[in-house]
DNA sequence: TGCTATAGGGATAATTTTATCCCATGGCCG
DNA sequence: CGGCCATGGGATAAAATTATCCCTATAGCA
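Residue numbers (the numbering used here), protein chains in the order written: chain S, 3 to 142; chain C, 3 to 142.
Okay, structure coming up:
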């Protein structure tokens, strides 16, 4: 397993939180699981941009950090379900805030981010499903 | 300048927000500036773990993303001050929440993070100054 | 038998992010 | 003159994160 060469700086709450949320899909994973999309295969379908491998890794990290609980059903083919722990749930305030802020400022943000020379392309519509599920029949 | 090879996925609010906050020091920078620590040299002193170069880069990105405003005083030696824009201020809800969550769960988090094999060492006390300044005379 | 679904993880390449180092500006001070 | 201050940024090395590819296991179905 990979070993850090530069020590982590986790002095203020900000950095602690950042460390827990640090991963391309971690907020999305927590979000998905909070919405009861809890089996790895379901999550994978929900996040087409993500690789199975990365999801495995990040789910594992979230579990190791105590945000998720993993339940393995002794079946075949295997069945696994993740759920938020208490502290994991408490993180949802932040995730929700991020989601809302991003949505509220979508137009502005898409603009400034697309203007960024580091951005070559911008894909949309992936997590759209989230909202479709949260507000069914709205635009579907 | 570096050009992305893999396009950004900024479909849901979560990813938009994540993109804006994506950078080792960005939350800390916004936090510092919100507390009126607004000159690059001051910020650098506040965050000993950060390189001058990285702060420059991340400040610039935050500015390009519209979160910060940069004011250059025509003096010598140069004087620069950053301030939060309106949308930048609105981000502070999230930053504050992250800070509070991290602090509230500090003990638990330090534990699980230190247990992580990827963590070799954990440094503390850097941003402590934040709190000292926010609640002066408490432990100083 | 061959293929599907479900989940997990090793090895290694590719990509992105940070760290290091170095140079430039231009007054002021000893 | 030589060095300091404050700020900015190029070039390149190092580190960290993700992406790709491949292999495991087993029940069920055509």
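Where a beta carbon is used, it is the ideal one built from N, C-alpha and C, also for glycine.
Item	Value
Helix, strand or coil: which one does DSSP assign to residue 35 of chain C?	helix
Is the CB-CB distance between residue 69 of chain C and residue 86 of chain C below 8 angstroms?	yes
Can you tell me where the alpha helix (DSSP H) with residue 43 of chain S in it begins and where it stops?	42-48
Between residue 56 of chain C and chain S, is any beta-carbon pair separated by less than 8 angstroms?	no
Could you spell out the range, first to last residue, of the alpha helix (DSSP H) harbouring residue 63 of chain S?	54-66
Is it buried or exposed for residue 27 of chain C, if we count other Cβ within 10 angstroms and need 16 for buried?	buried
From the DSSP output, read off the bridge partner residues of residue 81 of chain S.	S:75
What do you get for residue 31 of chain C, buried or exposed, if any count of 16 or more other CB atoms within 10 angstroms of its CB means buried?	buried
In the DSSP assignment, what are the bridge partners of residue 70 of chain S?	S:86
Mind checking whether residue 83 of chain C and residue 73 of chain C have CB atoms under 8 angstroms apart?	yes
Spatial neighbours of residue 90 of chain C within its chain, please: C-beta separation below 7 angstroms, excluding the five flanking residues on both sides.	32, 69, 70
Find the residues of chain C that neighbour residue 109 of chain S, judging by a C-beta separation of less than 9 angstroms, and give them in chain order.	Chain C residues near residue 109 of chain S: none, gap ~10 angstroms exceeds 9 angstroms.
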